[in-house]
């Protein structure tokens with residue numbers, strides 16, 4: 002009986018000793034997973050950005066092909082220069098006011 | 008003798024258990040960002056469960072870069088305020104137990120949420136002319152302005168303040184202007200009262216600080232291609248709006264948005 006107790010205690014001690022570095026390993030692996038997830042998020046963002054740019058360029062090319070001339074550049078206007086008045090260059094256009 | 012030996016072994020095991028618990032630290036949790044001011048970021052977190060760490064390390068990874076840079080390696084509180092000088096990026100917090108570092112699993116970012124180019128129609132053209140952001144995700148979506156049921160979702164709409172969609176310039180306008188818009192299709196409703204800056208020249212720089220009644224307006228013309236405009240919502244959030252490719256043939260504008268999820272923060276580097 003006593004021998005069994007001793008053996009069990011030794012086994013328990015071994016588990017404890019073996020478990021400590023294991024927890025550190027788990028922490029390290031979790032950190033690696035976290036790092037990889039962040040990289041993935043970053044790359045997804047880049048893909049999203051590049052896709053948007055590609056779509057935008059494709060649309061411009063299509064527009065160009067359809068009209069036979071470069072896409073429009075400026076829309077005229079000019080009331081966006083900074084004053085709070087401005088507007089009113091077209092009938093029905095409300096005045097531009099700060100808020 | 009054997010009994011003493013058994014007791015000694017058990018005692019050592021117990022001691023090891025206690026010691027092991029002390030040796031193994033834990034990570035901070037609930038790392039969150041808020042606006043300390045309109046251009047500085049407050050990072051807060053929850054201390055690890057169990058024993059207290061010796062200190063914390065706060066790191067920052069600027070948007071578009073690959074590595075974290077240590078901001079402060081001797082933080083003893085569970086908050087830190089950072090002046091990023093107009094930059095956005097990820098914040099990492101780590102608890103230090105001796106020389107061992109336990110990094111939080113999440114590293115939240117102050118970068119705005121990008122919604123890719125979306126076609127938004129002029130008020131009288133076919134298609135949705137309203138656009139709004141989810142306050143929880145920052146994602147943008149289009150809505151029809153002909154349904155007052157969308158009032159809670161719409162943050163701006165595209166109009167030329169005329170009947171029809173061939174006239175220019177187009178403008179980005181606050182939803183509350185809709186019912187009085189000469190386009191004549193917006194029903195009365197609880198439309199939001201948002202505000203827009205003059206066009207900004209540097210789309211990576213912080214948006215102008217909202218100064219009520221002075222530098223944000225009920226609408227802003229889309230004068231160049233692209234035009235970048237700052238938006239300040241009635242709820243207190245900032246967003247950068249890119250308006251490009253105005254097409255008077257079909258009455259559309261390509262809209263890309265960068266919504267800052269941190270309320271009151273006007274940083275939009277993306």
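Protein chains in written order, with the numbering used here: chain B, 2 to 100; chain H, 8 to 277.
Even glycine gets a Cβ: it sits at the ideal position worked out from N, Cα and C.
Kindly give me the distance between the Cβ atoms of residue i and residue j, rounded to whole angstroms, as I take these residues to be in contact under 8 Å.
{"i": "residue 150 of chain H", "j": "residue 260 of chain H", "result": "Between residue 260 of chain H and residue 150 of chain H the Cβ distance is about 15 Å, and since that is not below 8 Å, they are no contact."}
{"i": "residue 95 of chain B", "j": "residue 184 of chain H", "result": "7 Å"}
{"i": "residue 134 of chain H", "j": "residue 118 of chain H", "result": "The pair is not a contact, with the Cβ atoms about 29 Å apart (cut-off 8 Å)."}
{"i": "residue 201 of chain H", "j": "residue 182 of chain H", "result": "7 Å"}
{"i": "residue 354 of chain H", "j": "residue 51 of chain H", "result": "The requested residue 354 of chain H is not part of the displayed model; chain H covers only 8 to 277."}
{"i": "residue 223 of chain H", "j": "residue 97 of chain B", "result": "About 11 Å; that fails the 8 Å criterion."}
{"i": "residue 146 of chain H", "j": "residue 120 of chain H", "result": "6 Å"}
{"i": "residue 98 of chain H", "j": "residue 65 of chain H", "result": "7 Å"}
{"i": "residue 275 of chain H", "j": "residue 244 of chain H", "result": "Residue 275 of chain H to residue 244 of chain H, Cβ: 11 Å. No contact."}
{"i": "residue 179 of chain H", "j": "residue 203 of chain H", "result": "6 Å"}
{"i": "residue 34 of chain H", "j": "residue 86 of chain H", "result": "The Cβ separation is near 17 Å, so there is no contact."}
Is there a Cβ from chain H that is less than 8 Å from the Cβ of residue i?
{"i": "residue 29 of chain B", "result": "no"}
{"i": "residue 64 of chain B", "result": "yes"}
{"i": "residue 53 of chain B", "result": "yes"}
{"i": "residue 26 of chain B", "result": "no"}
{"i": "residue 44 of chain B", "result": "no"}
{"i": "residue 37 of chain B", "result": "no"}
{"i": "residue 33 of chain B", "result": "no"}
{"i": "residue 73 of chain B", "result": "Here the model assigns residue 73 of chain B a pLDDT of 37, short of 50, so the residue's position is not dependable, and the following value carries that caveat. Output row for residue 73 of chain B: interface = yes."}
{"i": "residue 61 of chain B", "result": "yes"}
{"i": "residue 97 of chain B", "result": "yes"}
{"i": "residue 78 of chain B", "result": "Here the model assigns residue 78 of chain B a pLDDT of 32, short of 50, so the residue's position is not dependable, and the following value carries that caveat. Yes, because at least one Cβ of chain H sits closer than 8 Å to the Cβ of residue 78 of chain B."}
Taking the straight line between their C-alpha atoms, what separation do you get for residue i and residue j?
{"i": "residue 101 of chain H", "j": "residue 53 of chain B", "result": "35 Å"}
{"i": "residue 242 of chain H", "j": "residue 47 of chain B", "result": "29 Å"}
{"i": "residue 128 of chain H", "j": "residue 250 of chain H", "result": "12 Å"}
{"i": "residue 54 of chain H", "j": "residue 240 of chain H", "result": "34 Å"}
{"i": "residue 49 of chain B", "j": "residue 156 of chain H", "result": "31 Å"}
{"i": "residue 38 of chain H", "j": "residue 112 of chain H", "result": "9 Å"}
{"i": "residue 165 of chain H", "j": "residue 44 of chain H", "result": "31 Å"}
{"i": "residue 209 of chain H", "j": "residue 225 of chain H", "result": "22 Å"}
{"i": "residue 231 of chain H", "j": "residue 253 of chain H", "result": "9 Å"}
{"i": "residue 272 of chain H", "j": "residue 105 of chain H", "result": "35 Å"}
{"i": "residue 139 of chain H", "j": "residue 269 of chain H", "result": "16 Å"}
{"i": "residue 72 of chain B", "j": "residue 64 of chain B", "result": "Summary for residue 72 of chain B: the model assigns pLDDT 45, below 50, so the residue's position carries little reliability; its value from the coordinates is reported in the next sentence. Roughly 7 Å between the two C-alpha positions."}
{"i": "residue 91 of chain H", "j": "residue 46 of chain H", "result": "8 Å"}
{"i": "residue 26 of chain B", "j": "residue 36 of chain B", "result": "15 Å"}
{"i": "residue 62 of chain H", "j": "residue 36 of chain H", "result": "15 Å"}
{"i": "residue 74 of chain H", "j": "residue 256 of chain H", "result": "46 Å"}
{"i": "residue 196 of chain H", "j": "residue 163 of chain H", "result": "14 Å"}
Would you give the residue range spanned by the beta strand (DSSP E) that residue i belongs to?
{"i": "residue 252 of chain H", "result": "245-254"}
{"i": "residue 239 of chain H", "result": "234-239"}
{"i": "residue 206 of chain H", "result": "202-206"}
{"i": "residue 52 of chain H", "result": "48-53"}
{"i": "residue 42 of chain H", "result": "36-42"}
{"i": "residue 81 of chain H", "result": "76-82"}
{"i": "residue 270 of chain H", "result": "Run containing residue 270 of chain H: none; DSSP gives neither H nor E here."}
{"i": "residue 223 of chain H", "result": "Premise fails: residue 223 of chain H is in no beta strand (DSSP E) and is neither H nor E."}
{"i": "residue 62 of chain H", "result": "62-69"}
Please confirm if residue i has its CB atom under 8 Å from at least one CB of chain B.
{"i": "residue 193 of chain H", "result": "no"}
{"i": "residue 226 of chain H", "result": "yes"}
{"i": "residue 268 of chain H", "result": "no"}
{"i": "residue 168 of chain H", "result": "yes"}
{"i": "residue 220 of chain H", "result": "yes"}
{"i": "residue 112 of chain H", "result": "yes"}
{"i": "residue 172 of chain H", "result": "no"}
{"i": "residue 4 of chain H", "result": "What the structure shows of chain H is the stretch from 8 to 277, and residue 4 of chain H is not part of that stretch, so it cannot be assessed."}
{"i": "residue 261 of chain H", "result": "yes"}
{"i": "residue 212 of chain H", "result": "no"}
{"i": "residue 40 of chain H", "result": "no"}
{"i": "residue 185 of chain H", "result": "no"}
{"i": "residue 223 of chain H", "result": "yes"}
{"i": "residue 121 of chain H", "result": "yes"}
{"i": "residue 258 of chain H", "result": "no"}
{"i": "residue 252 of chain H", "result": "yes"}
Tell me the start and end of each unbroken beta strand (DSSP E) in the region 85-143 of chain H that is at least 3 residues and wholly inside, in chain order. Uninterrupted beta strand (DSSP E) stretches at least 3 residues long and entirely within the region 85-143 of chain H occur at 86-89, 96-104, 107-110, 120-128 and 137-140, given in chain order.
Could you tell me which uninterrupted beta strand (DSSP E) segments, each at least 3 residues in length, are contained entirely in the region 135-189 of chain H, listed from first to last along the chain? Complete beta strand (DSSP E) runs here, min 3: 137-140, 147-150, 163-166 and 178-180.
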